[in-house]
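Engineer: Residue numbers (our numbering), protein chains in the order written: chain A, 368 to 479; chain B, 605 to 717.
Glycine included, every Cβ here is placed at the ideal spot set by N, Cα and C.
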Amino acid sequence: NAGVTQTPKFRVLKTGQSMTLLCAQDMNHEYMYWYRQDPGMGLRLIHYSVGEGTTAKGEVPDGYNVSRLKKQNFLLGLESAAPSQTSVYFCASRDSGNYEQYFGPGTRLTVT
Amino acid sequence: TQLLEQSPQFLSIQEGENLTVYCNSSSVFSSLQWYRQEPGEGPVLLVTVVTGGEVKKLKRLTFQFGDARKDSSLHITAAQPGDTGLYLCAVRSIIQGAQKLVFGQGTRLTINP
Chain A
368 NAGVTQTPKF RVLKTGQSMT LLCAQDMNHE YMYWYRQDPG MGLRLIHYSV
418 GEGTTAKGEV PDGYNVSRLK KQNFLLGLES AAPSQTSVYF CASRDSGNYE
468 QYFGPGTRLT VT
Chain B
605 TQLLEQSPQF LSIQEGENLT VYCNSSSVFS SLQWYRQEPG EGPVLLVTVV
655 TGGEVKKLKR LTFQFGDARK DSSLHITAAQ PGDTGLYLCA VRSIIQGAQK
705 LVFGQGTRLT INP
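1) Is Gly686(B) helix, strand or coil by DSSP?
2) Could you list which residues in chain B have their beta carbon closer than 7 Å to that of Pro375(A), in chain order?
3) Does the CB of Lys661(B) have a neighbour CB from chain A at under 8 Å?
4) Specify the secondary structure class of Ser451(A) as computed by DSSP and reduced to three states.
5) Tell me Ala480(A)'s beta-bridge partners as DSSP assigns them.
6) Might you give, ordered along the chain, the residues of its own chain that have their beta carbon closer than 7 Å to the beta carbon of Val478(A), omitting 5 neighbours on each side?
7) In this structure, how does DSSP classify Tyr691(B) when only helix, strand and coil are distinguished?
8) How big is the Cα-Cα spacing for Arg435(A) and Gln618(B)?
9) Does DSSP classify Ser416(A) as helix, strand or coil?
10) Can you give the Cα-Cα distance for Thr624(B) and Leu713(B), rounded to whole angstroms?
11) Closer than 9 Å between beta carbons: that is the criterion. Which residues of the region 631-645 of chain B meet it against chain A?
12) Over the uninterrupted beta strand (DSSP E) stretch that includes Gly444(A), give me the two end residues.
13) Could you round the C-beta distance between Leu678(B) and Leu690(B) to whole angstroms and report it? I think they count as a contact, below 8 Å.
14) Across which residues does DSSP place Lys596(B) in a beta bridge pair?
15) DSSP has Ser697(B) in a bridge; who is on the other side?
16) Comparing C-alpha positions only, which one of Ala423(A), Tyr398(A), Gly425(A), Ser416(A) sits nearest to Asp462(A)?
17) Kindly indicate which three-state DSSP category Leu476(A) falls into: helix, strand or coil?
18) Is it a yes or a no for the region 605-616 of chain B touching the region 651-663 of chain B, going by three-plus beta-carbon pairs under 8 Å?
19) Please list, in chain order, the residues of the region 460-471 of chain A that have any C-beta partner in chain B closer than 9 Å.
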């Protein structure tokens, strides 16, 4: 039981490049989330999903897109990366009957 | 304006000392969670407090929910280097019609051997 996994762990992009971050969970959770964590800002919600095929905007969605084609996977896309998107990205999931969120180990993204 | 204010933002103490960190708000919440995040990892849930005045203990960690359910404290007795990490409080809040988890900015705790 791996819990929540994220790939890649580290990535460096040039401004304007695109990439996709993959989150996978093996706990059969309904809800999945993407956060970004910046110094002094805590965790801020980018997008979330309440089930397969559904997505919704969080607190800071601009510049990101997501997809949840399979229940176990939640993808975060950056179409045209900007230096302001340099951050650590965390994926999380939870069961519908429990408010505990399980987090992945994070992806450290640097945009130059 | 932050929904949750955590203090202090940074705390560095010697092994064996006691400490308290705080999570404050002007809003009332049905529950509050504390997470710990170790360097290079994601946050892990420590405890959820639900009732005003509730006290929960987790080994040397004592969590208290304020009587009015607006604030919470985390007290660590005889801190150990393994307690080093970022401590985050979080609450459920309705944002844009949906219930989401909102985090404070965290207290970064360093325990020096």
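Structural biologist: In terms of the structure at hand:
1) helix
2) Ordered by position in chain B, no residue passes the 7 Å Cβ test against Pro375(A), which lies about 14 Å from the chain.
3) No, Lys661(B) lies away from the interface with chain A (no Cβ there is under 8 Å from its Cβ).
4) helix
5) A question about residue 480(A) goes unanswered here, because the residues of chain A that appear run from 368 up to 479.
6) Leu380, Thr382, Ala448, Ala449, Pro450, Gln452, Thr453
7) strand
8) 46 Å
9) strand
10) 11 Å
11) Ser635, Gln637, Tyr639, Gln641, Gly644, Glu645
12) Its beta strand (DSSP E) spans residues 440-445.
13) The Cβ separation is near 12 Å, so there is no contact.
14) The structure shown does not extend to residue 596(B), since chain B is modelled only from 605 through 717, so no value can be given for it.
15) According to DSSP, Ser697(B) bridges with Lys704(B).
16) Among Ala423(A), Tyr398(A), Gly425(A), Ser416(A), the Cα nearest to that of Asp462(A) belongs to Tyr398(A).
17) strand
18) Using a Cβ-Cβ distance cut-off of 8 Å, the region 605-616 of chain B and the region 651-663 of chain B are not in contact, since fewer than three pairs of beta carbons, one from each stretch, lie closer than that value.
19) Arg461, Tyr466, Glu467, Gln468, Tyr469, Phe470, Gly471
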